[in-house]
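Residue 274 is where the sequence shown starts when you use my numbering, and the numbers rise one by one after that.
Below is one structure, written out as structure tokens, with a few remarks after it.
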Amino acid sequence: MGYLSLVVLLALPLSAKDVKVSTASLGTELGAYAASTAPLTLDLISARFAEVDSRMNSLKASFRQFVRMDGADIVQSVEGGVLFLKPDLLRMTQRIPERQTVVCDGTWLWVHRESTDQVIQTRLEAWRKSEPLAKGLLDFGRSADLLKRYSAVLSTVSAPGTDGHRTFAVTLTPRPEDRKDGGADFELTLKASTRDFFPYDARLRVGRASIHSIFEAVRLNPELPAETFRFTPPPSADVFQTPSPTP
């Protein structure tokens, strides 16, 4: 699933026009599992995550994000929508606090901030190498892989609700070998329900930052037109390519 991608991208100055999706092709709701009293284990959660991942080809959702830095009283709030198509096509439109857009066409990552008419362009692979955590969390539809890639602990399990379903949280941290190789240290907690096993809530602690992301109105496999993931900078925009092209 793509949690840190939001963290990293929304920390950048991001806006292009929203891409409209036909109401006839908005996809389906998340499937529901039968309530069960069986013990929750990481193996079961990983298996359910893998099932949800396998059913997902594309995704549409709204998101809210709250960012706080140590020592600061101000919490930055961000709201917007995300469209995703496996394996690496992404479009995020931020509405609050200002309109901004991120588009990934599988090769290039574009960040457009309308208020300043500036565009940041970087190669996806270069960005992933410079932000290794982003690589792990750009992956919508790969939640099961996260549990294999990092050290995972089932940190909380709630009592059953009136519908018989429970809410649980899995906490992920880098493996010792990742820290030894200079990988960034972090703690990521994913929360989901046994109803659909979709990680709708992510709390990330990395460096001095605490980031809380919430996904809502999730639709699986909407039909997304090809132009959803295409981006052409406006003629008037200043385009900055990072890293800067070699002369």
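Beta carbons: idealized from backbone N, C-alpha and C, even for Gly.
Quiz item: For the alpha helix (DSSP H) that contains Leu419, what are its first and last residues?
Solution: 416–422
Quiz item: Starting from Ala320 and walking both ways along the alpha helix (DSSP H), at which residues does that stretch end?
Solution: 315–328
Practice problem: Sort Leu463, Asp511, Val479, Asp474 by Cα distance to Ala334 and report the nearest one. | Solution: Asp474
Exercise. Work out the CA separation of Ala510 and Thr314 for me, nearest whole Å.
Key: 51 angstroms
Self-check item: Local Cβ density within 10 Å of Pro449, reported as buried at 16 or more and exposed below that
Solution: exposed
Practice problem: Closer than 6 angstroms by C-beta to Lys359: which residues in its own chain qualify, once you throw out the five before and the five after it? Chain order, please. | Solution: Asn330, Gly414
Quiz item: Per DSSP, Arg337 forms a beta bridge with which residues?
Solution: Answer by DSSP bridge pairing, in chain order: Glu352, Ile487.
Practice problem: Could you pull out every residue in the same chain whose Cβ sits closer than 6 angstroms to the Cβ of Asn494, ignoring the five residues on either side in sequence? | Solution: Gly300, Asn330, Ser331
Quiz item: CA-CA distance, Thr446 and Gln349?
Solution: Roughly 24 angstroms separates the two Cα atoms.
Quiz item: If you draw a straight line from the alpha carbon of Asp451 to that of Tyr423, how long is it in whole angstroms?
Solution: Using only the alpha carbons, I get a separation of about 9 angstroms.
Quiz item: Where does Thr395 fall in DSSP's three states?
Solution: DSSP places Thr395 in strand when its eight states are reduced to three.
Quiz item: Is the number of C-beta pairs between the stretch 476–493 and the stretch 369–382 that are closer than 8 angstroms three or more?
Solution: no
Practice problem: Using 10 angstroms around the beta-carbon of Asp390, count the other beta-carbons present and answer buried if the total reaches 16, otherwise exposed. | Solution: exposed
Quiz item: Are the beta-carbon atoms belonging to Trp381 and Leu397 less than 8 angstroms from one another?
Solution: Yes, these two residues count as a Cβ contact at 8 angstroms.
Quiz item: Can you name, in chain order, every residue of its own chain whose Cβ lies under 6 angstroms from the Cβ of Thr462, other than the five neighbours on each side?
Solution: Only Ala442, Thr444, Arg476 meet the Cβ criterion.
Quiz item: With DSSP run on the structure shown, which of helix, strand or coil describes Ser466?
Solution: Of the three classes helix, strand and coil, the one that applies to Ser466 here is strand, per DSSP.
Practice problem: Note down the Cα distance separating Ala521 from Val512, rounded to an integer number of angstroms. | Solution: No answer is possible for residue 521: the residues shown for the chain start at 274 and end at 520.
Self-check item: Start-end ranges of the beta strand (DSSP E) lying completely within the stretch 432–462, minimum 3 residues
Solution: 440–446
Exercise. Give me whichever residues DSSP pairs with Trp383 in a beta bridge.
Key: Beta-bridge analysis with DSSP links Trp383 to Val376, Gln394.
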